[in-house]
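Presented below is the structure to which this report refers.
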Amino acid sequence: MTKTIQTVGVCGAAGTMGAGIAIVAARAGFRTIAFDKSPEGLSRAAQNTAAFFDKSVQRGKMDTRMRDQILARLSATSEIDALSDCDLVIEAVFEDIGVKKQLLAELDAVCSPETIFASNTSTLSITEIASGSTRPERVVGMHFCLPAQLMKLVEMTPGILTDPGVFATAWNWTEQSGQRPVRTQDKPGFILNALLVPFNNDAIRAVEAGVASADDIDRAIKVALGYKMGPLELIDLIGLDTQIRLCEAFYPTTLDPRASAPPLLRRMVAAGLLGRKSGRGFFEYENSAMFGA
Amino acid sequence: MKYFVQENPQSRSFPGGDPFLAGASARNEADVLVITGDAACPQDTKFSAVLVELDLECLGARTGEGDGEEGSNVVGFARYRNGNEPPSSLIELVRQKNTAAGAIEAAKAVLQAAGFSVSVCTDQPGRIIDRLVRPKYNVALRFLDEGLASRADIDLTCQLGLGYPDGPIERVIRGGLGRHYDIAQALFETYGNPGFAPARRSVVAKQRREN
Ligand SMILES: NC(=O)c1ccc[n+]([C@@H]2O[C@H](COP(=O)([O-])OP(=O)(O)OC[C@H]3O[C@@H](n4cnc5c(N)ncnc54)[C@H](O)[C@@H]3O)[C@@H](O)[C@H]2O)c1
Numbered sequence: 001m002t003k004t005i006q007t008v009g010v011c012g013a014a015g016t017m018g019a020g021i022a023i024v025a026a027r028a029g030f031r032t033i034a035f036d037k038s039p040e041g042l043s044r045a046a047q048n049t050a051a052f053f054d055k056s057v058q059r060g061k062m063d064t065r066m067r068d069q070i071l072a073r074l075s076a077t078s079e080i081d082a083l084s085d086c087d088l089v090i091e092a093v094f095e096d097i098g099v100k101k102q103l104l105a106e107l108d109a110v111c112s113p114e115t116i117f118a119s120n121t122s123t124l125s126i127t128e129i130a131s132g133s134t135r136p137e138r139v140v141g142m143h144f145c146l147p148a149q150l151m152k153l154v155e156m157t158p159g160i161l162t163d164p165g166v167f168a169t170a171w172n173w174t175e176q177s178g179q180r181p182v183r184t185q186d187k188p189g190f191i192l193n194a195l196l197v198p199f200n201n202d203a204i205r206a207v208e209a210g211v212a213s214a215d216d217i218d219r220a221i222k223v224a225l226g227y228k229m230g231p232l233e234l235i236d237l238i239g240l241d242t243q244i245r246l247c248e249a250f251y252p253t254t255l256d257p258r259a260s261a262p263p264l265l266r267r268m269v270a271a272g273l274l275g276r277k278s279g280r281g282f283f284e285y286e287n288s289a290m291f292g293a
Numbered sequence: 001m002k003y004f005v006q007e008n009p010q011s012r013s014f015p016g017g018d019p020f021l022a023g024a025s026a027r028n029e030a031d032v033l034v035i036t037g038d039a040a041c042p043q044d045t046k047f048s049a050v051l052v053e054l055d056l057e058c059l060g061a062r063t064g065e066g067d068g069e070e071g072s073n074v075v076g077f078a079r080y081r082n083g084n085e086p087p088s089s090l091i092e093l094v095r096q097k098n099t100a101a102g103a104i105e106a107a108k109a110v111l112q113a114a115g116f117s118v119s120v121c122t123d124q125p126g127r128i129i130d131r132l133v134r135p136k137y138n139v140a141l142r143f144l145d146e147g148l149a150s151r152a153d154i155d156l157t158c159q160l161g162l163g164y165p166d167g168p169i170e171r172v173i174r175g176g177l178g179r180h181y182d183i184a185q186a187l188f189e190t191y192g193n194p195g196f197a198p199a200r201r202s203v204v205a206k207q208r209r210e211n
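Spelled out as structure tokens, the structure:
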């Protein structure tokens, strides 16, 4: 039995991912409620969202009427009760199992029994997050890529107890939103991060082992394999501190030595070399401007 | 800067008919000697650099090694190639600790003038590319065995999520699972890191004597 989804709630909608996911939902025609516990964050996100759609108008991707319709579908709130009408709630709050389980428990009290819950977690288990809900059969994984408003890929994951019908409804919604879902199992890092995090660590270890300079490594990878970005440039963009956090999420559960944080990474973070955002990581940057529109 | 090529038709970097071969000068005019294939490595100080082609072996296997202070005008090279697909425009140059700086500069100058991108690395198995991609291919092949996702979705995830031109599984298959086995096994023997241990699908390909 598939139910049509009309109203979508996004939790953590003032954050990097949540703001992008709210754009995806509203742009695809769904009434979208942006929920975050930070009201200041929400007004900042609302400004950025309006600017994003202004740019879409400037670039001829939509007219002003369409922009206004999208923005009219989007509302913001710091009250969780405002999510009571949602058919689908996507959470993109802090990557912390306690925070996510607690949020699901609060949503249980607010949302109807029909509501589907989706988690944008990158590193946690969908089944474990779902254990925070009294309705684990209604919880799915829905992992968007950064920046969500531009990237089509969504890794979708059923937990052990997820109802196949719920998963199918969530999958259809993702497709209706113009995204491209891929189905994965509930394993650490799904596909993308399970491949990427150890690969990036290997690149750091190659620098540490004196194989080649960061510049030589990135050039080699880009030219030989046609990747748009070299791994070390990418780590600078992700943030070296974030890379450590990813390692600390994966290594204890997988015990894969490639997933453990390389000593050089820890030394660089200790020295304040966090990548683009601090002006220096494996490369130096003149400004810390982030990408995306 | 001019180069002379001592040609070996089995070369993986410059197979017969490669434009780089046509751009070579006469031996007595050349600054750089390029030896392709698995030929002996001469000591010839008349040249600014002697480039010897490497496959899976270290440069030390061709020059001999001492007490960690080795190095001369001999520079190793390998043009990256995914199995028997056409070679890429990347050349990995391999140096030893005391390789003459002038030899590396001369090698770079000749190769860059011929349109190649050059990355310099030290003499470690797998150089840059294989050291980084082989563990990733192993994991992707294991994911396929374990049913994490379909082949198409694993590859598509890398294309859409990371902007790769192709996915790891289609790429390793195109390059040959038997070839992947040979490279990964050589790395595993040296480093002992389980990430290099050849994935089951490549073991099967090797047993079936596939490329
Ligand atoms: N940043 C990325 O590249 C990326 C990519 C894919 C997935 N993710 C995942 O997305 C999620 C969010 O990551 P982010 O980088 O956007 O984080 P962020 O810190 O930018 O945003 C998190 C937001 O959640 C809000 N929040 C926290 N607890 C809340 C609660 N209980 N109720 C309501 N709002 C709450 C915060 O105020 C903040 O605005 C994480 O699960 C992360 O793993 C991140």
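If you're matching them up, the sequences are chains A and B in order. Residue 14 in the working numbering sits at position 14 of the first sequence, and the numbers go up by one each step. Residue 69 in the working numbering sits at position 69 of the second sequence, and the numbers go up by one each step. The beta-carbon is built from N, C-alpha and C at its ideal position, and this holds for glycine as well.
TODO: Run the CB neighbour count on residue 131/B, radius 10 Å, all protein chains shown included, and call it buried at 16 or more, exposed below.
DONE: So residue 131/B counts as buried.
Task: residue 144/B (DSSP reduced to helix, strand or coil) - done: Reduced to three states, the DSSP call for residue 144/B is helix.
TODO: Output the distance between the C-alpha atoms of residue 209/B and residue 195/B, rounded to the nearest integer angstrom.
DONE: Between residue 209/B and residue 195/B, the C-alpha separation is close to 23 Å.
TODO: Give me whichever residues DSSP pairs with residue 180/B in a beta bridge.
DONE: Answer is none; residue 180/B lacks a bridge partner.
Open item on the list: Quick check: is any heavy atom of ligand 1 less than 7 Å from the C-beta of residue 282/A?
Closed with: Flag unset: Cβ of residue 282/A not near ligand 1.
Task: chain B contact residues for residue 113/A, given Cβ-Cβ distances below 8 Å - done: Contact of residue 113/A with chain B by beta-carbon distance below 8 Å is absent, the smallest such distance being about 31 Å.
Task: Alpha-carbon spacing of residue 126/B relative to residue 197/A, whole angstroms - done: Rounded to the nearest angstrom, the gap between the Cα atoms of residue 126/B and residue 197/A is 20 Å.
TODO: For residue 108/B, count neighbouring Cβ atoms within 10 angstroms of its own Cβ and tell me buried if that reaches 16, exposed if not.
DONE: It counts as buried.
Task: Secondary structure of residue 93/A, DSSP reduced to three states - done: In the displayed model, residue 93/A falls within coil according to three-state DSSP, outside both helix and strand.
Open item on the list: For ligand 1, I want to know if residue 187/B counts as a neighbour, meaning its beta carbon is within less than 7 Å of at least one of the ligand's heavy atoms.
Closed with: No, since every heavy atom of ligand 1 falls outside the 7 Å radius drawn around the Cβ of residue 187/B.
- [ ] Within its chain, find whatever has a CB closer than 6 Å to the CB of residue 27/A; leave out the 5 residues flanking it on each side and keep chain order.
- [x] When the five nearest sequence neighbours on each side are left out, the beta carbons in the same chain lying within less than 6 Å of the beta carbon of residue 27/A are those of 70, in order along the chain.
Task: Minimum Cβ-Cβ distance from residue 84/B to chain A less than 8 Å - done: Chain A has no Cβ within less than 8 Å of the Cβ of residue 84/B.
TODO: Spell out whether any CB of chain B is found under 8 Å from the CB atom of residue 155/A.
DONE: So yes, residue 155/A belongs to the interface.
- [ ] List the whole-angstrom C-beta distance separating residue 11/A from residue 91/A, where the pair is believed to meet the contact cut-off of C-beta under 8 Å.
- [x] About 4 Å separates the beta carbon of residue 11/A from that of residue 91/A, a gap short enough to meet the 8 Å contact definition.
Task: Interface partners of residue 131/B on chain A, CB under 8 Å - done: Residues of chain A whose Cβ lies closer than 8 Å to the Cβ of residue 131/B are, in chain order, 202, 206, 211.
TODO: Have a look at the DSSP bridge pairing and note the partners of residue 111/A.
DONE: Residue 111/A is not bridged by DSSP to any residue.
Open item on the list: According to DSSP, is residue 292/A part of a helix, a strand, or is it coil?
Closed with: Summary for residue 292/A: the model assigns pLDDT 38, below 50, so the residue's position carries little reliability; its value from the coordinates is reported in the next sentence. DSSP, reduced to helix, strand and coil, places residue 292/A outside both helices and strands of the structure shown, so it counts as coil.
- [ ] Determine whether the Cβ of residue 230/A lies closer than 8 Å to any Cβ atom of chain B.
- [x] Residue-level contact by beta carbon fails for residue 230/A and chain B, as no gap is shorter than 8 Å.
Task: Near-chain B residues of the stretch 82-100 of chain A (beta-carbon distance less than 8 Å), N- to C-terminal order - done: From the stretch 82-100 of chain A, no residue has a Cβ closer than 8 Å to chain B.
TODO: For residue 168/B, decide whether its Cβ has a neighbour in chain A, counting only Cβ atoms nearer than 8 Å.
DONE: For residue 168/B, the answer is yes, since a Cβ of chain A falls inside 8 Å of its Cβ.
Open item on the list: Run through chain B and tell me which residues come within less than 8 Å of residue 69/A, C-beta to C-beta.
Closed with: Here the premise fails: no neighbours, minimum Cβ distance about 28 Å.
Task: Contacts of residue 120/B in chain A (Cβ-Cβ under 9 Å) - done: Near residue 120/B (Cβ distances below 9 Å), the residues of chain A are 212, 213, 216.
Task: C-alpha distance - residue 290/A paired with residue 51/A, whole-angstrom precision - done: The predicted position of residue 290/A is uncertain, since its pLDDT is 43 and thus under 50; no value can be drawn from it.
Task: Spatially closest choice to residue 242/A from 225/A, 105/A, 265/A, 128/A, by CA coordinates - done: Considering only alpha carbons, the answer is 265/A.
Task: Beta bridge counterpart(s) of residue 31/A as assigned by DSSP - done: 7/A, per the DSSP bridge assignment.
- [ ] Would you grab the beta carbon distance between residue 32/B and residue 48/B for me? Rounded to a whole angstrom, and I think it's under 8 Å.
- [x] Taking C-beta atoms under 8 Å as the contact rule, residue 32/B and residue 48/B qualify, at a distance of about 6 Å.
Open item on the list: Check whether chain A comes within 8 Å of residue 212/B, counting only Cβ atoms and requiring the distance to be less than that.
Closed with: Residue coverage of chain B in this structure runs from 1 to 211, which leaves residue 212/B outside it and unanswerable.
- [ ] Indicate whether at least one CB of chain B lies closer than 8 Å to the CB of residue 191/A.
- [x] With a threshold of 8 Å between beta carbons, residue 191/A makes contact with chain B.
Task: Within chain A, the residues that residue 185/B reaches when beta carbons sit closer than 8 Å - done: Listed by position along chain A, the residues whose Cβ is nearer than 8 Å to that of residue 185/B form an empty set, because the closest Cβ is around 18 Å away.
- [ ] Determine the DSSP secondary structure at residue 271/A, reduced to helix, strand or coil.
- [x] Secondary structure at residue 271/A: coil, using DSSP grouped into helix, strand and coil.
Open item on the list: Under 7 Å: does the beta carbon of residue 218/A sit that close to some heavy atom of ligand 1?
Closed with: Remark: the C-beta of residue 218/A is outside contact range of ligand 1, defined as less than 7 Å to any heavy atom.
TODO: With distances taken Cα to Cα, identify the nearest neighbour of residue 201/B among 99/B, 72/B, 1/B, 182/B.
DONE: Here the closest residue by C-alpha is 182/B.
- [ ] Leaving out five residues on either side along the sequence, give the residues of the same chain with a beta carbon under 8 Å from the beta carbon of residue 156/A.
- [x] Closer than 8 Å at the Cβ level, and outside the excluded window around residue 156/A, lie 140, 141, 142, 143, 167, 170, 171, 174, 181, 182, 183, 184.
- [ ] Could you name the residues of chain A that residue 99/B contacts, counting a contact when the two beta carbons are closer than 9 Å?
- [x] What residue 99/B touches in chain A: nothing, since even the nearest Cβ is about 14 Å away.
- [ ] Would you mind telling me which residues of chain A sit closer than 8 Å to residue 109/B, beta carbon to beta carbon, in chain order?
- [x] Simply none; closest approach about 16 Å.
Open item on the list: Going by DSSP in three states, residue 6/B sits in which element: helix, strand or coil?
Closed with: Secondary structure at residue 6/B: strand, using DSSP grouped into helix, strand and coil.
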